[in-house]
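For reference, each letter of the sequence shown is one residue, going 1 to 226 in UniProt numbering.
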Amino acid sequence: MTKIYQKVGIVAVALLGSTLLWVHAETRNQEMPMESAIVENTTTVQAGGKVLVTYFTWPEPDGTDAKTGASRVISNGRLYGNTEYIAHIISEATGGDLFAIKTERTYPAPHKALIDAAKKEAEAKQHPKLTTHIKNLEDYDIIFVGYPNWWYDMPMAIYSFFDEYDFSGKTIIPFVTHGGSRFSQSVETIATMEKNAKVIKGPSISAGSVPKAKEDVVKWLKEQDL
Numbered sequence: 001m002t003k004i005y006q007k008v009g010i011v012a013v014a015l016l017g018s019t020l021l022w023v024h025a026e027t028r029n030q031e032m033p034m035e036s037a038i039v040e041n042t043t044t045v046q047a048g049g050k051v052l053v054t055y056f057t058w059p060e061p062d063g064t065d066a067k068t069g070a071s072r073v074i075s076n077g078r079l080y081g082n083t084e085y086i087a088h089i090i091s092e093a094t095g096g097d098l099f100a101i102k103t104e105r106t107y108p109a110p111h112k113a114l115i116d117a118a119k120k121e122a123e124a125k126q127h128p129k130l131t132t133h134i135k136n137l138e139d140y141d142i143i144f145v146g147y148p149n150w151w152y153d154m155p156m157a158i159y160s161f162f163d164e165y166d167f168s169g170k171t172i173i174p175f176v177t178h179g180g181s182r183f184s185q186s187v188e189t190i191a192t193m194e195k196n197a198k199v200i201k202g203p204s205i206s207a208g209s210v211p212k213a214k215e216d217v218v219k220w221l222k223e224q225d226l
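Structure follows, in structure tokens:
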């Protein structure tokens with residue numbers, strides 16, 4: 001009987017470890033039941049402002065199997081990173097300009113190597129140097145900021161993004177793609193970093209729901225008069 005309990009315990013620990021690894025990764029395109037893509041929000045956005053849709057993402061290299069690669073979706077024959085795809089939906093629906101947040105550092109494409117690199121970067125609090133820059137921020141009133149949830153936080157590249165700009169007087173709408181932890185505390189972090197901006201929690205889309213998220217995202221935007 002003791003041996004049986006020991007075996008059960010080993011199996012339970014193994015299952016727990018697998019679950020924690022999946023949650024930590026936050027980037028894997030899991031086959032998940034369709035969930036509501038939107039985090040409920042009662043604050044609306046003032047209509048009429050000029051929109052900029054910024055995002056940090058990475059598509060898998062061309063040729064990666066869409067069914068087994070991580071954090072990407074194929075739409076109309078084109079490969080997108082998950083967050084990039086949602087950014088395009090928002091841009092199309094709002095008429096907003098698109099801006100890709102890119103870093104000097106090149107992140108590895110293989111899933112495990114990527115999450116390991118992201119973990120080391122976060123633990124060291126390294127804010128990577130950006131290679132793309134907004135030249136006319138003053139022209140925009142509403143700034144969408146999209147990112148994947150990496151290790152229960154926004155990627156360090158998003159910290160670099162907020163280090164670089166002063167969003168005083170503007171409306172910031174974060175949106176996130178994730179493997180189960182939604183925004184974690186990243187929206188609160190943004191509000192702390194940008195104390196003079198209005199921060200509104202935007203769409204939260206699980207990795208498995210990204211290919212089907214367009215309807216929910218567009219619905220949320222319409223509810224905000226965007």
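Virtual Cβ for every residue (Gly too), placed ideally from N, Cα, C.
Beta-carbon contacts of residue 5 that lie in its chain and below 6 Å, excluding the five residues immediately before and after: The residue you call residue 5 lines up with position 5 of the sequence shown. Below a pLDDT of 50, predicted positions are generally treated as unreliable, and residue 5, at 42, falls in that range; the measurement from the model is reported next regardless. There are no such residues.
Environment of residue 153 [buried if 16+ CB atoms lie within 10 Å]: Counting from 1 along the sequence shown, the entry for residue 153 is found at position 153. Classification of residue 153: buried, given that the 10 Å Cβ count is 16 or more.
For residue 177 and residue 207, believed in contact at Cβ under 8 Å, the rounded distance: Here residue 207 corresponds to residue number 207 of the sequence shown, with the count starting at 1. Here residue 177 corresponds to residue number 177 of the sequence shown, with the count starting at 1. Confirmed, Cβ separation roughly 6 Å.
Under 8 Å between C-beta atoms of residue 157 and residue 86: Your numbering for residue 157 matches position 157 in the sequence shown. Your numbering for residue 86 matches position 86 in the sequence shown. No, they are not a contact pair.
Inside the UniProt domain "Flavodoxin-like" (81–222) only - alpha helix (DSSP H) runs reaching at least 4 residues: 82–94, 111–123, 156–164, 186–193
Reference residue 83, options 77, 50, 222, 56, closest by Cα: Along the sequence shown, one-based indexing puts residue 83 at 83. That would be 56, whose Cα lies nearest to the Cα of residue 83.
Member of 79, 95, 99 whose CA lies at the smallest distance from the CA of residue 161: Taking the first residue of the sequence shown as 1, we reach residue 161 at position 161. When only C-alpha atoms are compared, the closest one is 99.
Reduced DSSP category for residue 226 - H, G, I as helix; E, B as strand; rest coil: In the sequence shown, the residue the question calls residue 226 occupies position 226. In this structure, residue 226 counts as coil in the three-state DSSP scheme.
Short Cβ contact (8 Å threshold) for residue 218 with residue 89: Mapped onto the sequence shown, residue 218 falls at position 218. Mapped onto the sequence shown, residue 89 falls at position 89. Yes, the Cβ-Cβ distance between residue 218 and residue 89 is below 8 Å.
C-beta contact flag for residue 137 and residue 96 at 8 Å: Taking the first residue of the sequence shown as 1, we reach residue 137 at position 137. Taking the first residue of the sequence shown as 1, we reach residue 96 at position 96. Cβ distance not < 8 Å, so residue 137 and residue 96 don't count as in contact.
When 174, 48, 118 are compared against residue 103, the one with the closest alpha-carbon: The residue you call residue 103 lines up with position 103 of the sequence shown. When each option's Cα is compared against that of residue 103, the closest is 118.
Own chain partners of residue 132 with C-beta closer than 8 Å, once the 5 adjacent residues on each side are dropped: Residue 132 sits at position 132 when you count from the first residue of the sequence shown. So the list reads 99, 100, 101, 102, once near-sequence residues are dropped.
Opening and closing residue of the beta strand (DSSP E) in which residue 54 lies: Counting from one through the sequence shown, the residue named residue 54 turns up at place 54. It spans 51–55 - the beta strand (DSSP E) in which residue 54 sits, taken as one unbroken run.
Euclidean distance between Cα positions of residue 128 and residue 114: Working through the sequence shown from its first residue, we reach residue 128 at position 128. Working through the sequence shown from its first residue, we reach residue 114 at position 114. So the alpha carbons of these two residues sit roughly 15 Å apart.
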